[in-house]
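Residue numbers (full-length UniProt numbering): 1 to 247.
Worksheet for the structure shown next.
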DNA sequence: AAAAAAGTCAACCGCGAAAGT
DNA sequence: TACTTTCGCGGTTGACTTTTT
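As structure tokens, this is what we get:
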């Protein structure tokens with residue numbers, strides 16, 4: 001079987017977009033809106049695959065993009081959100097108007113990681129590096145472990161003992177590769193989060209705008225991300241970690 | 001001034017989930 | 001229910017720029 005390609009690769013351009021291609025894409029989306037990305041290139045007269053068009057539009061051409069340097073407030077928000085959500089860049093981007101997941105991901109990898117390391121904080125675990133290297137080991141999740149090993153052994157050398165001795169994780173709080181739900185059987189609808197005196201469903205608590213999965217009707221229209229809700233309970237401490245079950 | 005190294009970021013790739021049939 | 005198609009996401013690459021030697 002296998003997955004069919006999203007477009008005919010033989011007849012598509014790759015690499016950097018030209019001004020003309022940008023103009024065509026902008027003009028088409030202005031006229032017809034964002035729609036079927038698969039058919040868009042042909043309809044717009046572009047020799048690009050739909051995926052490429054989507055990416056170009058979302059990450060670069062969208063009129064509501066901010067661009068420019070990140071502010072200190074944005075930095076701190078990204079760090080906070082990353083500590084809660086991990087590498088869920090699209091969710092993080094959803095909380096930063098005008099920023100894209102790709103932009104935030106790049107910014108994290110180039111700036112914030114270093115910034116946290118300079119502060120002595122492990123960017124993977126958001127804990128002090130000294131603590132992380134002493135007694136915290138992520139069990140059986142290679143990505144997180146490799147990250148830790150990189151931090152504690154910057155030259156890449158890994159001690160055999162460290163590598164082979166499983167150590168119980170002391171504070172397994174925010175490794176979002178895990179189901180961070182306690183043994184918990186939900187027989188009825190989970191109690192929604194409350195923020196600012198209003199009730200939020202899980203979808204809205206993550207800042208997902210206009211989701212069809214929204215059960216509280218807050219996410220649509222004027223009430224969502226721009227209204228100053230305390231998403232994730234960052235400010236109010238209302239975060240219910242059971243609601244952050246990721247996988 | 002030139003070469004090498006490091007940093008940046010747009011774009012690509014492959015996968016999983018959702019939607020459609 | 002099974003299969004196919006499309007979309008969206010996160011990881012990675014590589015071209016380009018900037019800084020250092």
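Glycine included, C-beta positions come from ideal geometry on N, C-alpha and C.
- Straight-line spacing of the CA atoms in residue 71 and residue 108 works out to 13 Å.
- Less than 9 Å divides the Cβ of residue 74 from the Cβ of residue 99.
- In the structure shown, residue 123 falls within a coil segment according to DSSP collapsed to helix, strand and coil.
- CA-CA distance, residue 35 to residue 18, rounds to 22 Å.
- If you draw a straight line from the Cα of residue 42 to the Cα of residue 92, it comes to about 32 Å.
- In this structure, residue 87 lies near residue 105, with their beta-carbon atoms less than 9 Å apart.
- Boundaries of the alpha helix (DSSP H) harbouring residue 72: 72-85, taken from the DSSP string.
- Nearest to residue 82 by alpha-carbon distance, out of 33, 16, 28, 126, is 126.
- In the displayed model, residue 63 falls within coil according to three-state DSSP, outside both helix and strand.
- Annotation for residue 59: 100, 102 place their beta carbon closer than 6 Å to its own, counting only its chain and skipping 5 residues before and after.
- The alpha carbon of residue 68 has as its nearest neighbour, out of 90, 97, 119, 53, the alpha carbon of 97.
- DSSP, reduced to helix, strand and coil, places residue 128 within a strand of the structure shown.
- Taking 9 Å as the cut-off, the beta carbon of residue 22 is found closer than this to the beta carbon of residue 56.
- Per DSSP, residue 39 lies in no alpha helix (DSSP H) segment and is marked neither H nor E.
- Following the DSSP letters along the chain, one finds residue 114 inside the alpha helix (DSSP H) bounded by residues 113-118.
- Distances from the CA of residue 48 to each of 78, 25, 124, 95 were compared; the closest alpha carbon is that of 25.
- Residue state for residue 21 is assigned as helix, using DSSP reduced to three classes.
- Counted as a single uninterrupted DSSP element, the alpha helix (DSSP H) harbouring residue 102 occupies residues 101-107.
- Annotation for residue 57: no alpha helix (DSSP H) segment contains it, and DSSP assigns it neither H nor E.
- By a beta-carbon distance limit of 8 Å, residue 14 does not contact residue 37. Their separation comes to about 16 Å.
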